[in-house]
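Numbering (our numbering), first residue to last: 35 to 325. Glycine included, C-beta positions come from ideal geometry on N, C-alpha and C. See structure below.
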């Protein structure tokens with residue numbers, strides 16, 4: 035992951051009601067805001083709203099997720115990184131970034147590049163912690179066209195040849211359908227939409243939602259929830275119960291899960307929640323954000 039800081043050009047500690055980070059070319063924006071005690075993120079490109087304000091949070095045992103900002107640190111990233119084993123010989127690192135301090139050991143890091151934006155949780159707690167759940171929602175405009183892979187499986191549904199225990203058993207080999215965001219089925223408990231999820235707004239902005247830098251943590255999926263047409267909620271597979279794993283010639287089937295996402299280090303940076311942004315599908319495929 036080449037979001038390493040090549041040069042720190044400036045820092046600021048001025049706190050605003052909503053923290054905005056803009057890409058060096060001024061086209062991409064990621065906003066972190068507080069709305070009635072809920073921390074939300076949103077994304078825009080050229081003034082076109084790609085992701086409307088959507089809730090984010092994390093539930094760690096014994097820790098309360100804050101609902102306000104207490105400080106912010108900003109910096110600028112510059113330089114290039116040589117990438118000999120890649121589609122190009124070097125990657126431009128140009129970006130603007132911020133780390134919003136929520137207090138009590140919680141922070142959220144934001145970054146805006148010319149090819150996309152991203153955020154991630156950062157914690158500083160002693161010892162190990164148990165993560166029960168994470169909120170990572172995405173609210174799209176109703177008329178945004180989504181290209182997404184669907185996994186539909188009731189728990190321990192034995193129909194078909196594979197007999198998969200739940201909707202999180204998949205190999206990302208499903209067909210990707212095309213539909214408006216408000217046409218996706220709502221409140222379907224056995225249906226999950228897999229990432230990456232590509233999309234196009236009514237104004238023609240192309241984007242792709244993806245997680246990366248996934249270490250000691252489950253993968254991000256989306257579910258359609260609620261009455262709002264384009265509202266998707268983040269969902270994650272809980273940690274497998276080692277006593278409930280069925281081994282077959284082709285699969286390791288998880289027949290039981292623990293009541294947590296993971297147990298991990300209390301001081302760490304969590305996976306990025308990223309949105310690649312471009313003016314066309316071809317340009318979207320050229321993004322270096324995940325590299």
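### Query
Which residue comes first and which comes last in the beta strand (DSSP E) that contains residue 231?
From DSSP, the beta strand (DSSP E) with residue 231 extends over 225 to 234.
Which runs of the beta strand (DSSP E) spanning at least 3 residues fall entirely within the segment 137 to 165, listed in chain order?
140 to 147
| query | When you compare only the Cα positions, how much space is there between residue 114 and residue 108? | reply | 20 Å
**Item:** Cα-Cα separation between residue 289 and residue 59, rounded to whole angstroms
**Value:** 49 Å
So, does the segment 296 to 316 touch the segment 140 to 160, judging by three or more C-beta pairs under 8 Å? yes
Practice prompt. Check each candidate in 123, 57, 137, 77 and name the one with the smallest Cα separation from residue 112.
Written response: 57
request  = Could you say which of 82, 310, 117, 63 lies nearest to residue 229 if we only look at CA atoms?
outcome  = 310
Buried or exposed for residue 123, please, with buried defined as at least 16 other CB atoms from any protein chain shown within 10 angstroms of its CB.
Per the 10 Å Cβ criterion, exposed.
ask   = What residues in its chain sit with their C-beta under 6 Å from that of residue 116, if we drop five residues either side in the sequence?
value = Once the five neighbours on either side are set aside, the close Cβ partners of residue 116 are 124.
Taking only three categories from DSSP, how would you classify residue 276? Residue state, collapsed to three classes: helix.
For residue 165, which option in 204, 251, 217, 88 has the closest C-alpha, if you only look at C-alpha atoms? Looking at the Cα atoms, 251 is the closest of the given residues.
**Request:** Decide if residue 64 is buried, meaning its Cβ has at least 16 other Cβ atoms within 10 Å, or exposed.
**Result:** buried
* To do: Could you tell me the distance, in whole angstroms, from the CA atom of residue 276 to the CA atom of residue 286?
  => 11 Å
Top-ranked residue by Cα proximity to residue 245, from 219, 211, 172, 215:
172
To the nearest angstrom, how far is the alpha carbon of residue 83 from that of residue 76? 8 Å
* Going by the beta-carbon positions, is the gap between residue 62 and residue 86 smaller than 9 Å? -> Contact: no.
Let me make sure I understand the geometry here. Which of 225, 203, 232 has the alpha-carbon closest to that of residue 214? 232
Within 10 angstroms of the Cβ of residue 319, are there 16 or more other Cβ atoms? Answer buried if so, exposed if not.
exposed
- Hey, how far is the Cα of residue 52 from the Cα of residue 281? Their Cα atoms are separated by approximately 49 Å.
- Task: Apply the 10 Å Cβ neighbour rule to residue 132 and answer buried if 16 or more other Cβ atoms are within range, or exposed otherwise.
- Result: Looking at its Cβ environment, which holds 16 or more other Cβ atoms inside 10 Å, residue 132 is buried.
Notebook entry, point to check: How would you write the range of the beta strand (DSSP E) that residue 319 sits in, first residue to last?
Noted result: Careful: residue 319 lies outside any beta strand (DSSP E), inside the alpha helix (DSSP H) at 315 to 319.
### Message
Quick check: residue 315 and residue 240, are their CB atoms within less than 9 Å of each other?
### Response
yes
Would residue 299 and residue 259 qualify as a contact pair, given that the criterion is a beta-carbon distance under 9 Å? no
Q.
Looking at the secondary structure, which residues open and close the beta strand (DSSP E) in which residue 87 lies?
A. 82 to 94
- Message: I need the straight-line Cα distance from residue 264 to residue 94, nearest angstrom please.
- Response: 28 Å
Notebook entry, point to check: How about residue 146 and residue 55: are their beta carbons less than 9 Å apart?
Noted result: Contact annotation: residue 146 and residue 55 have beta-carbon atoms nearer than 9 Å.
### Query
Taking the alpha carbon of residue 212 as the point to measure from, which residue in 237, 182, 205 has its own alpha carbon closest?
182
To the nearest angstrom, how far is the alpha carbon of residue 312 from that of residue 321? 8 Å
Let's test the definition: count the other Cβ atoms within 10 Å of the Cβ of residue 2 and tell me whether it reaches 16, buried, or not, exposed. Examination of residue 2 is not possible in this model, given that the chain is present from 35 through 325 alone.
Going by Cα to Cα distance, which pick from 218, 176, 89, 68 is closest to residue 236?
-> 176
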